[in-house]
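In my numbering, the protein residues as written are 314 to 515.
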């Protein structure tokens, strides 16, 4: 379900949220993205794009960025140069174990996602995007929710997106999330250091 919205309060920081980046995820991510409004953004810009349904190609596959939607994503990043980038995703419940597997790095080459609560998972974006499109100090978050979320899960998913939408830098985001999820943010930092080296958790 294609959807594009710009909330413009000032020039900086620029935030970019892109949901539904493969398969039918957009029909779930739009439920949260539609709830973000002007009053959730204090300053800077927020650009929200929810993609149309597309063939499912994993974003961990570099070939994804040669696809039509992959090229659109790279173009949006290049055009708007966000300092804060979020990819809201959804996942089938049957894939929960794969996404959170402690051995995920050995199996598929990336750290496991971390559960905040109620099946909402958080981590960094694909290494290709993180390392090629952004600076170390930029914020890059993958946020996952079950494709058929419970009301509690969808609400938390939406609230995390709103936290990021209302934050102007990494410290604000981490401080707000650490208040409720201290161990999860600590684990995210640990995984980032192990995988990327001297990199922040998102």
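The C-beta atom is built at its ideal place from N, Cα and C for all residues, glycine as well. Please read these numbers as outputs of a predicted model, since none were measured by experiment.
Three or more Cβ pairs closer than 8 Å define a contact, and the region 396–405 meets that threshold against the region 472–486.
Scanning its chain for C-beta atoms nearer than 7 Å, with the 5 sequence neighbours on each side dropped, one finds around residue 439 the residues 372, 373, in chain order.
For residue 436 and residue 429, the gap between their C-alpha atoms comes out near 10 Å. Of the candidates 369, 492, 504, the residue whose Cα lies closest to the Cα of residue 414 is 504. Positions of the alpha helix (DSSP H) runs, each at least 4 residues long and wholly inside the region 447–485, are given as 464–478 in order along the chain. When Cβ pairs closer than 8 Å are counted between the two stretches, the region 319–335 is seen to touch the region 387–395, the count reaching three or more. Contact between the region 359–368 and the region 334–350 is present: three or more C-beta pairs spanning the two stretches fall below 8 Å. Considering only 378, 448, 368, 459, the residue with the shortest C-alpha distance to residue 412 is 459. When DSSP reads this structure, residue 403 sits in a beta bridge with 458. Taking a 10 Å sphere around the C-beta of residue 480, we find 16 or more other C-beta atoms and assign the residue as buried.
According to the DSSP assignment, residue 508 belongs to no beta strand (DSSP E) but to the alpha helix (DSSP H) extending over 495–509. Residue 452 sits close to residue 515, with the two beta carbons spaced by under 8 Å.
Taken atom to atom, the span from the alpha-carbon of residue 483 to that of residue 423 is near 22 Å. The C-alpha of residue 322 is placed about 32 Å away from the C-alpha of residue 427.
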